[in-house]
Every structure is written in structure tokens, then in C-alpha cells.
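*Asks:*
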Ligand code: ADP
Ligand code: MG
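Numbering (UniProt numbering), first residue to last: 1 to 844.
1. Determine the direct distance from the alpha carbon of residue 188 to that of residue 206, and round the result to whole angstroms.
2. What is the DSSP secondary structure of residue 320, reduced to helix, strand or coil?
3. Would you decide whether residue 762 is buried or exposed? Buried here means 16 or more other CB atoms lie within 10 Å of its CB.
4. Can you tell me where the beta strand (DSSP E) with residue 149 in it begins and where it stops?
5. Could you tell me whether the region 224-233 touches the region 541-555, where touching means 3 or more Cβ pairs closer than 8 Å?
6. Give the single residue among 814, 815, 806 whose Cα lies nearest to the Cα of residue 195.
7. Look at the alpha carbon of residue 651 and the alpha carbon of residue 715, and state the distance between them as a whole number of angstroms.
8. Residue 367 by DSSP, collapsed to three states: which one?
9. Check each candidate in 746, 18, 832, 38 and name the one with the smallest Cα separation from residue 154.
10. Per the contact definition of three or more C-beta pairs closer than 8 Å, is the region 387-396 in contact with the region 306-316?
11. When every heavy atom of the ligand ADP is checked, does at least one fall within less than 7 Å of the C-beta of residue 268?
12. Restricting to Cα atoms, I'd like to know which of 677, 729, 134 is closest to residue 594.
13. Excluding the 5 residues preceding and the 5 following residue 755 in the sequence, name in chain order all residues of the same chain whose CB lies nearer than 7 Å to its CB.
14. Given a cut-off of 8 Å on the beta-carbon distance, is the pair residue 375 and residue 347 in contact?
15. Kindly examine the ligand ADP and report whether one of its heavy atoms sits closer than 7 Å to the Cβ of residue 594.
16. So what's residue 380 in DSSP terms, helix, strand or just coil?
17. Figure out for me which residue from 654, 705, 658, 655 has the closest Cα to the Cα of residue 679.
18. Going by DSSP in three states, residue 503 sits in which element: helix, strand or coil?
19. What is the rounded straight-line gap between the Cα of residue 161 and the Cα of residue 86?
20. Please classify residue 824 as buried or exposed, where buried requires at least 16 neighbouring CB atoms within 10 angstroms.
21. From residue 491 to residue 551, what does the alpha carbon distance come to, in whole angstroms?
22. DSSP puts residue 659 in a beta bridge; with which residues?
23. How would you write the range of the alpha helix (DSSP H) that residue 272 sits in, first residue to last?
24. Rank 223, 10, 20, 75 by C-alpha distance to the C-alpha of residue 789 and give the top, closest one.
25. Alpha carbon to alpha carbon, how far is residue 688 from residue 660? Give it in angstroms, no decimals.
26. Rounding to the nearest angstrom, what Cα-Cα distance links residue 555 and residue 368 in this structure?
27. Should residue 293 be labelled buried (16 or more other beta-carbon atoms within 10 Å of its own) or exposed?
28. Tell me which same chain residues have a C-beta within less than 7 Å of the C-beta of residue 48, skipping the five on either side of it?
29. Just to confirm, are residue 691 and residue 665 a CB contact at a threshold of 8 Å?
30. Quick check: residue 526 and residue 498, are their CB atoms within less than 8 Å of each other?
31. Let me confirm a value: residue 781 is counted as buried when at least 16 other C-beta atoms fall within 10 Å, else exposed. Which label applies?
32. What are the residues that DSSP puts in a beta bridge with residue 565?
33. Taking 7 Å as the cut-off, does the CB of residue 119 come closer than this to any heavy atom belonging to the ligand ADP?
34. Just to confirm the assignment, what range does the alpha helix (DSSP H) spanning residue 165 have?
35. Could you have a look at residue 83 and say whether DSSP puts it in helix, strand or coil?
36. Whose C-beta lies closer than 6 Å to the C-beta of residue 50 among residues of the same chain, with five residues either side of it excluded?
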């Protein structure tokens, strides 16, 4: 029990400095703990031995018992290789070494039975095994602990340097020896009991040295559950803390704007899903916590009106609202859509994009600050520093995956502060003290610990700051949000961090970065100094702090109440993924299309049917409809794609000649104004066909367009196909989606096309997409770190994830501060993990 799992791996017997370096650089193993968490990729049955005559040409790992008859050296281009003839009673094969030949020759006993293990090659009519693992049969039998041999992740460098699977296994055994296989339990008795889980020690033993399949499965379940449980716990806690701590504006009135619109102007009956979501939003806005809600809804499900009605709630409570969209086209469209409604309601609304004229801009800025402007629609131009609101109450972001985290967080401080930050710091602390006694206690403990262990540099700086050399009051080890900062001046919201030695660690740097980002969001300016800087030249450090103090305004932003945030996305995210990526956001789903929509008829056609497709297009145009023809655009082969697009455009121009037909073209190489002009022509019905690359993917609304032809459809991802299809089917007419491909299709492409033809349900499509591509490629998840799971798999272990979330929720529901005795083990584990905290849950 006395072995500390944070012990550097160098100290483990059999590791030593060279191997330790390799383990660190190749597998990220720094400590005993990291090694224990190196989970096997798979297992091999080591009680199974092959006869040489049974070997197959599939290059799998096998075990053979036999004897070495003799060695030969074979010259090759560079150097020589050592070949041994190896035989059993059914035949002969070769063992081959390219390195370490002398050692092999010296240590092998010719004629004694060995067990060899490795991958076989078929070469010159014979099987051979390069660099086999070799063990005398009698040794092998003594060591054989389990039928199932763990196969660990490895790298080429590791195996080249002789850190074979056997070596890793040996080291692992050594670790179990030194720790006696005792590991601290990390789940509560009640969870273990209810789910009949193995203990932590049993699970770890059996994941590395499984006795049999059943125990292995149970070990895997336990460890996956645990991993997912703590992630969910962290996310849910984050959400709870957020709600208890981040104040929001209270929209408690339902007033004129909302009621008038609802009773007199609603252009259609809302779907039940829309009503439900509006209720969810309403209840968030009425509580005094900041809303952080993700609204998912398939293309055409009617998110815009939900957004608009949410804004009306803000307006009724005398707040300003904004809606940000990722492209100019989209924001113009939103603006035009909402303008009519605003006009009858007498609401002032403006559009701000990159192409807004400077003179108009000035007017917008002014009216935002004096409060005359109620709704602002726009692109990321809204994020510019010059854009300041009088009182921004609600910010809505459409198609959120197009915006980065940093951009989103900028919206937080668009309104001036409501209360002094000193008050706010007190409130935060008091809330902690009462609502989360154990968290508070933990902070205090950490604080003590930090005080005790402060570095030389920290002490030097503190001496000077306390000595009032700067005429400003600093606090030391102060808690802001959930962070303890080294020094803070609350008048100016200036945080000073002095970096200790551990700041060199990569993870710590990441944490520092995110932390700085969050502190910034809370209105603090963070400056850092290294230990060396402080020790070497305290005067210049003080000098630059003084400069900062002078340049900062007093009492700004720190106590600002952030606006409510609603992010909308039309990319359905499978539930399990949403639970992990957005687990700390509240999620609303519009899972119902407005009534009367005719499902889009989707067909798959091969290129050689093109003439029939052209004929069909002509018929539709004759009925007065419009058509999209979309070509792929993939960064890597941009020029090729461009050529395809142009060739396609030419052939369509030939087939649909002027003046009978009008054709628009839009692609990425055009200037924004030209693009807009062409889009506009199409939207106004002046052209019949829009030939485009995927620039039209997001949000564009042309209700009269009823046919979507997707060229080289096999090259698009599922979610992209679904997005594109969503461009049609917006009017009352029957709409069509035609997926054109060549005859050469991979299995995955076939699945994608079949899924599109079969289903129009965005969530079902997203599930298939997730299965095909894995979570890494799904929009918006790349930076989420959801992939950094050690053992669980977000796709395959869906059920375990649901269970883990359920348990995490029930634990926190009963005991939000984890203060109960029976949750002590959970609290301790959580604290332990927070020290080496995963940072990705801050991303949203
Ligand atoms: P998206 O969710 O893709 O943003 P929109 O908000 O653009 O969808 O809505 C698509 C179309 O459906 C719009 O023309 C909108 O006016 C219409 N719509 C929205 N809600 C309803 C409803 N409840 N009944 C009928 N039509 C609706
Ligand atoms: Mg939309």
C-alpha cells in the first residue's frame, strides 16, 4: 500500500533511465499510475501452440514449439542477417534476426526445445519469423500464468529498441509485485454492489493478466464504467456549479412583444417540439442562472422562429439580443426573415457583417450603446471589440460548430458590469461556503498546501507586493471561479501568476492556457512571470505590474453578468456523443418537422443515367421549380474539384442553353460580392439552376428549389449529404434528392448512399455516420478530447455510457457536494483526478 502511484517510472525495477525515456516519449508513461493504465489492445491465447504444418499465410501472431537446428549468416545489401532453421515434428521454418545477432548466437541452446512467438511471413516458399520472442519451453511453462496474453500498444521505435510486448509484460508484472496488486478503490460500495463490479484491484489484475474470458469481460466493464462515470460526474458537476454560481439575467416577464407575436402574428401553428423547446428556454431564462443551452434540430425543423421568440422574451424584459451566423449569406437571410416580423412589432433590428459600410457601422455602434437598437443580427463582425451593447441579455449562435470556442466566449462580456467585482468575489465565496461545503473545504486545503509550499519566487514577489511598493492591494492565493490564483488585485481585476517548475509539463501548460481563457472571460487580465524572472530581477517585474495596473480601467467587467447563450446546430449529434462533448450544456432537441412537409424522395443514380436525370430536371423546371447541382470540394484536391465543377457547368450549360434556361454558379474562388449576387439571383427565381460547390451547405433557404442533384455523392460524408439534402423540401412541393455516382463504390460509400435513400431522420443518419467514421471526424468533436479515453469507446460502449451518466446523475442528485460518508471514495477519486485534470470539459 505504501507504493505511491505517482512515483516516476524510472524507479520501477527493470525499467532504468533509457527505457523510462522511451516509455515517456513513445507512450506517455511517466508514472506507475500511467503504466497501470496502459491497457492492452487485445489478448492472445498463449496456451495455443501451432504446428509448423498448420501455419497459415495470414501473418498473424503464433506460438510454435520446436528446436533450433543451426544458424546461417546470409549477406544482404547492407550487412547480413542471421537465419536459424527451426523445426518441429511436422516441418521446418526460419527465424530471422537483423540486429543483435551475436547476442542471439551466444545465448541460444541449439537442440533444446523453445517456444517461439511472433508474426510469420511467407517468403521463398517457407514460413519465417523475424525477431521472434524466444523462451525455453521449460521456462515458458513455469511462467505461464494465464491463457490470455495481453498485447500492449506499441510503436516501431519501442520494438526497435527491444521493448517488446514481453518486456512490457515483465515490467507490468514487476509493478504488481511492488504494489502487491493492491490499488485504492475508486468507486463506492453501493455502485459496486448494484452493478456487481469487480474491485479496482481485481479489475486491474484481470485487465493485465486475465485468468479467463469471463473475468476479463468483467474487468473491462468495470474499468470502462469507471472511466465514463468520472467524466460524466465532472461534466454534470461543472453544469451544477455553473448554475449555482454564474448569475444570469432574470427574464421574468412575459410581455407585449411575445404575446402580440404569439396571439396575432404567428405565421403557423408551432410544432409540439418547438413548444417544448420554448418552454425549456423560458424556464432557463426565468431562473437566475445563466442559460447555456444547445438547441439541436434537423434542417428545416424550424429553429429560427424559436430563436426569434426567445429574443422576444429578452426584449420584453428590456434587454438587447443578438443572433450570430457563420456566413454573410446566412445572416442576411436571418435578417430578411426577421425584419418583417420586427416591423409589425415595432422592434428595431440591424444587420452587421464584414461588408457593412463604415457610416452604417457607426450608427449601429451608437444605437447599441445607447440602447435604441434591440436586435442585432450578423456574422462574427459582432465579436469585434468596438461592438458594445448597453445590456445584452441573450446571444444566439446559429450553426455553432462553425465558431471556435474563443469566439463564442467573447460574447460573454459584451455588456458593462452590473455590480462591483469585489461584491461578486464575495458572493462567489459565500455561495461556495454554503452550497458546496466540501468543495469549499477542498479549496481551502489546496490553498493551505500551496501556501506551505510556495516557491522562492512567490515569496519574493509577495514580500514586495505586501510592502505596498506599488500602491495597490493584492491578495494572495485567491479563489476566482474554481481557481486559486497566485496574486490578484480586485480593483483592477489583475491576476499575476508565477510559474513553478511543474509548469513545464505539457498538460499543465494546457491547463494554464484554458484557465487564463476562463479568467479572461470572467473579466480578469492575467499576466505571468517565470520563477527565474522574479528571482533575477524583481524590480523590472514590479515595474511591469505597475504598468499593467496603470493601463487597466477600474472596476470593469469583473462582475458583469453574462448574457444567456443559446447555440443552435443543424448537425444532429448522436445522444452518446452529445452527452460527452456537450455534457455540461443543457440540450434541447426539435425532433419533429412542421406538419405537411412531404418527405424528400431520394434516389441513387449512376453516371450513365445522366440523360434521364437531365430530362427529369427539365420537367421540373417546366413546372417552375429550381434546381441545385452540387460538386464536392475537398481541400486536398481543390484544383481537380474546380476542374470537375467547371466541366460540369459547361455540360449543364450545353444541355440547358440560354436563353431558355438561366444558370447560376457559385464556388469558393469567387469574390464574396459575386457569390452573393449569384445567390441572390437564384433566391429571387431569376435563374433555374444553381451549380455550386458545398458553399451552399449551410442554412440557405430557397423554398422554390425542389431538386438537389449531388455529383460524386460517394465523396461526401453522410452528415454533409444530409445537410445538402436539407436545402430542398422547404416549400409545399414534392422535392427530390438525386445522388449521382460512378459504379466504383467502396463498402462505406454504399452504406452511406443506402442510408440516405432509406432515411431522412438526421439522428439516425448521425448514428450511422458515427459508426462509420468514429467520433474523431464528427463535426465539432475534434478538439473536445472525447477521444482521449483510455479504455472505453464512445461508439461501442454506448450502453455503459448511459449507465455511467445515470449513476453520476443520481449520486449528485442525492449529494451535490459529495459530502456524504458513503461518497467519500468518489470525492477522493474526483479530487485526485482534478489534480491531473482533464481540461476538455471547459471547451464549451
Ligand atoms: P432550421 O431549423 O433549418 O433553421 P428554419 O427555421 O429555417 O429551419 O425553418 C424552415 C422553414 O419552416 C421556414 O420556412 C419556417 O418558416 C418554416 N416553419 C418553421 N416552423 C414551422 C411550423 N411550426 N409550421 C410550419 N412551418 C414552419
Ligand atoms: Mg437555420
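We treat Cβ as the ideally placed atom computed from N, Cα and C, and that holds for glycine. None of these values were measured; they are calculated from a predicted model.
*Replies:* The answer reads as follows:
1. On the chain shown, position 206 is the one that residue 206 refers to. On the chain shown, position 188 is the one that residue 188 refers to. Their Cα atoms are separated by approximately 20 Å.
2. By 1-based counting over the chain shown, the position of residue 320 is 320. Looking at residue 320 - three-state DSSP - the assignment turns out to be strand.
3. For this step, residue 762 is matched to residue 762 along the chain shown. Under this definition residue 762 is a buried residue.
4. Numbered from 1 along the chain shown, position 149 holds the residue referred to as residue 149. It spans 148-151 - the beta strand (DSSP E) in which residue 149 sits, taken as one unbroken run.
5. no
6. Reading the chain shown from its first residue, position 195 is the one you call residue 195. Answer by Cα proximity: 806.
7. Your numbering for residue 651 matches position 651 in the chain shown. Your numbering for residue 715 matches position 715 in the chain shown. Each residue's Cα considered, the two are about 21 Å apart.
8. Here residue 367 is taken as the residue at index 367 of the chain shown, counted from 1. Residue state, collapsed to three classes: helix.
9. Numbered from 1 along the chain shown, position 154 holds the residue referred to as residue 154. Ranking 746, 18, 832, 38 by Cα distance to residue 154 puts 38 first.
10. yes
11. Position 268 of the chain shown holds residue 268. Residue 268 Cβ: within cutoff of the ligand ADP.
12. Within the chain shown, residue 594 is the residue found at index 594, counting from 1. When only C-alpha atoms are compared, the closest one is 729.
13. Your numbering for residue 755 matches position 755 in the chain shown. The answer, listed in chain order, is 718, 765, 768.
14. By one-based count along the chain shown, residue 375 stands at place 375. By one-based count along the chain shown, residue 347 stands at place 347. Result yes, Cβ atoms of residue 375 and residue 347 sit closer than 8 Å.
15. The residue given as residue 594 occupies position 594 in the chain shown. Yes; taking the cut-off as 7 Å, the Cβ of residue 594 has a heavy atom of the ligand ADP nearer than that.
16. Taking the chain shown and counting its residues from 1, the one referred to as residue 380 is at position 380. Three-state DSSP puts residue 380 in a helix.
17. Residue mapping note: residue 679 aligns to position 679 of the chain shown, counting from 1. Per the Cα distances, 705.
18. Residue numbering aside, residue 503 sits at position 503 when the chain shown is read from its first letter. Its pLDDT being 47, under 50, residue 503 is placed unreliably by the model, and nothing is read from it.
19. The residue given as residue 161 occupies position 161 in the chain shown. The residue given as residue 86 occupies position 86 in the chain shown. Looking at the two C-alpha atoms, the distance is approximately 25 Å.
20. On the chain shown, residue 824 is found 824 positions in, with the first residue counted as 1. It counts as exposed.
21. Position 491 of the chain shown holds residue 491. Position 551 of the chain shown holds residue 551. Computed Cα separation, rounded: 13 Å.
22. Mapped onto the chain shown, residue 659 falls at position 659. None, per the DSSP bridge assignment.
23. For this step, residue 272 is matched to residue 272 along the chain shown. Run containing residue 272: 272-286, per the alpha helix (DSSP H) assignment.
24. Walking along the chain shown from the start, residue 789 turns up at place 789. Comparing Cα-Cα distances from residue 789 to each of 223, 10, 20, 75, the minimum goes to 223.
25. Taking the first residue of the chain shown as position 1, residue 660 is located at position 660. Taking the first residue of the chain shown as position 1, residue 688 is located at position 688. For residue 660 and residue 688, the distance between alpha carbons rounds to 10 Å.
26. If you number the chain shown from 1, residue 555 lands on position 555. If you number the chain shown from 1, residue 368 lands on position 368. Residue placement at residue 555 cannot be trusted, given a pLDDT of 43 that sits under 50; the coordinates are not used to answer.
27. Reading the chain shown from its first residue, position 293 is the one you call residue 293. Classification for residue 293: buried.
28. Here residue 48 refers to the residue found at position 48 when the chain shown is read from its first residue. Excluding residues within five positions, the ones whose Cβ falls inside 7 Å are 63.
29. By 1-based counting over the chain shown, the position of residue 691 is 691. By 1-based counting over the chain shown, the position of residue 665 is 665. Closer than 8 Å, so yes.
30. Your numbering for residue 526 matches position 526 in the chain shown. Your numbering for residue 498 matches position 498 in the chain shown. In this structure, residue 498 does not lie closer than 8 Å to residue 526 by Cβ.
31. Residue mapping note: residue 781 aligns to position 781 of the chain shown, counting from 1. For residue 781, the predicted structure reports a pLDDT of 46, less than 50, and the residue's modelled location is therefore unreliable. A value from the coordinates is still provided. The residue in question, residue 781, is buried, as its Cβ has 16 or more Cβ neighbours within 10 Å.
32. Residue 565 sits at position 565 when you count from the first residue of the chain shown. Paired residues: 292, 395.
33. Within the chain shown, residue 119 is the residue found at index 119, counting from 1. Not under cutoff, so the answer is no.
34. As a working note, residue 165 is residue 165 in the chain shown. It spans 165-179 - the alpha helix (DSSP H) in which residue 165 sits, taken as one unbroken run.
35. Taking the chain shown and counting its residues from 1, one reaches residue 83 at position 83. Strand, per DSSP.
36. The count along the chain shown starts at 1 and reaches residue 50 at position 50. Cβ neighbours of residue 50 beyond the five flanking positions: 62, 64.
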